[in-house]
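Student: Residue numbers (our numbering): 1 to 455.
1) Cβ of residue 194 versus every heavy atom of the ligand PLP: is any distance shorter than 6 Å?
2) Between 189, 384, 203, 352, which has its C-alpha nearest residue 96's C-alpha?
3) On the three-state DSSP scale, how would you describe residue 263?
4) Using beta-carbon positions only, say whether residue 208 and residue 245 come within less than 7 Å of one another.
5) Is it true that the CB of residue 410 sits closer than 7 Å to the CB of residue 313?
6) Using the C-alpha atoms, what's the distance from residue 293 back to residue 427?
7) Which parts of the stretch 272 to 304 are runs of the alpha helix (DSSP H), unbroken and 4 residues or longer, counting only runs that do not cross its ends?
8) Whose CA, out of 388, 179, 191, 183, lies closest to the CA of residue 168?
9) The alpha helix (DSSP H) spanning residue 432 covers which residue range?
10) Thinking C-alpha only, which one of 171, 120, 299 is nearest residue 467?
11) Just tell me which of 341, 279, 356 has its CA closest to the CA of residue 390.
12) My output table needs one value for residue 400: the three-state DSSP class, helix, strand or coil.
13) I'd like to know whether the C-beta atoms of residue 252 and residue 328 end up nearer to each other than 7 Å.
14) Once the 5 residues before and after residue 181 are set aside, which same chain residues still bring their CB inside 7 Å of it?
15) So, residue 120 versus residue 152, is the Cβ gap smaller than 7 Å?
16) What residues in its chain sit with their C-beta under 6 Å from that of residue 444, if we drop five residues either side in the sequence?
17) In terms of alpha-carbon separation, which member of 449, 233, 406, 446 lies closest to residue 280?
18) Starting from the C-beta of residue 306, find all residues in its chain whose C-beta is less than 6 Å away, skip the five residues before and the five after it, and write them out in chain order.
19) Would you call the CB atoms of residue 355 and residue 379 closer than 7 Å?
20) Considering only the beta carbon of each residue, do residue 229 and residue 173 sit closer than 7 Å?
21) Let me know the secondary structure DSSP gives residue 395 once reduced to three states.
22) Report all residues from its chain with a CB closer than 7 Å to the CB of residue 434; omit the five preceding and five following residues, and keep chain order.
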């Protein structure tokens with residue numbers, strides 16, 4: 001049994017000797033039928049604390065817990081032009097998936113949280129004040145009172161911890177997945193995600209057990225897959241089993257490195273775009289194994305014309321190295337997404353497991369049809385996204401005009417151009433390095449793609 005499976009072992013409907021204590025009044029809704037804001041039922045401050053909690057420390061909550069920092073004021077950022085050529089089908093599927101998650105959170109998860117808040121607020125802070133009103137009719141023992149007080153403290157702590165950290169968790173998770181999917185991510189969002197990760201590293205080091213529980217609870221409620229994303233990145237990139245206490249800080253620091261790499265590579269993507277326009281005219285599609293043939297005469301004449309100006313060749317070498325690094329990252333990241341999303345032990349497996357669990361609960365009347373359908377919408381939207389990523393293959397992976405194939409073709413053409421330059425200069429040692437380190441691999445991959453294209 002996996003760690004995820006065990007989360008549902010104790011998930012049967014609870015019954016208490018004092019259930020009548022929690023008899024609910026109907027929750028207030030607005031004209032649309034949705035629940036009114038949390039603030040209508042409980043006074044939260046900007047950190048998620050109630051007014052009473054400001055004066056009292058909830059057991060288990062560190063006294064030096066820092067409030068969530070105020071949002072950084074963002075400057076207007078003009079995106080690069082290549083972002084406008086986004087893969088619309090991927091973007092539409094991704095949007096549908098995230099909208100289904102948001103809908104589930106608003107109408108199901110938040111409703112449950114509000115109901116829990118209403119329930120725990122029925123438990124008095126001081127049982128002496130409560131005694132003359134309802135104690136006799138309920139006939140609560142001292143043991144029951146202690147259980148109720150412990151329940152209130154625990155649930156209040158749980159909701160407070162979630163409210164204080166959910167923004168950091170969701171920001172880090174979403175931005176990392178966008179980077180690994182090679183989606184257009186505004187660089188300011190990457191900066192915000194890095195700040196969120198650094199905040200989480202400090203908090204987890206302070207309270208590892210509490211945060212492990214929080215991450216697993218968020219996964220169980222389909223709010224966040226943060227814990228299993230950490231687990232998967234550790235297993236895939238570091239080839240090691242994930243231990244929460246030992247590895248969390250390491251994994252999160254690696255996430256920051258991944259985001260920095262994404263930012264650096266795509267921050268220079270215009271270099272590839274400019275160079276691509278310059279060298280494309282020197283190549284024509286052909287029946288050669290790679291599918292392209294360089295115009296040797298035109299290239300020779302061009303190299304003669306820039307004999308005393310090495311600026312273009314320097315830029316070309318920089319662009320070739322950039323595209324080569326981008327190819328390696330895209331290949332690894334695409335394989336990671338297939339690994340992370342898989343149905344055997346990945347994200348789809350977890351969604352399917354919850355669906356099976358919910359089907360049983362629906363039959364037994366433990367959950368409503370609304371809850372089941374809300375979660376099923378998430379699972380179905382995710383399957384559409386997963387299937388699309390698998391069907392596009394590595395060749396079409398990427399954003400807009402910057403797919404893996406585009407970067408591969410540029411790397412091949414720039415390497416061939418640079419090869420002609422080194423031959424002309426008689427720099428045979430560098431030529432040998434170029435052929436063994438770059439050209440050999442990209443030529444083989446180009447030949448494989450060209451063969452598939454020809455059928």
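Ideal Cβ positions, reconstructed from N, Cα and C, are used throughout, including at glycine.
Tutor: Once the coordinates are examined:
1) Judged by which ligands are present, the structure shown has none, so any question about the ligand PLP falls away.
2) 384
3) helix
4) yes
5) no
6) 23 Å
7) none
8) 191
9) 428 to 434
10) Since the first residue shown for the chain is 1 and the last is 455, residue 467 is missing from the structure and cannot be characterised.
11) 341
12) coil
13) no
14) 337
15) yes
16) none
17) 406
18) 312
19) yes
20) yes
21) coil
22) 415, 418, 419, 422
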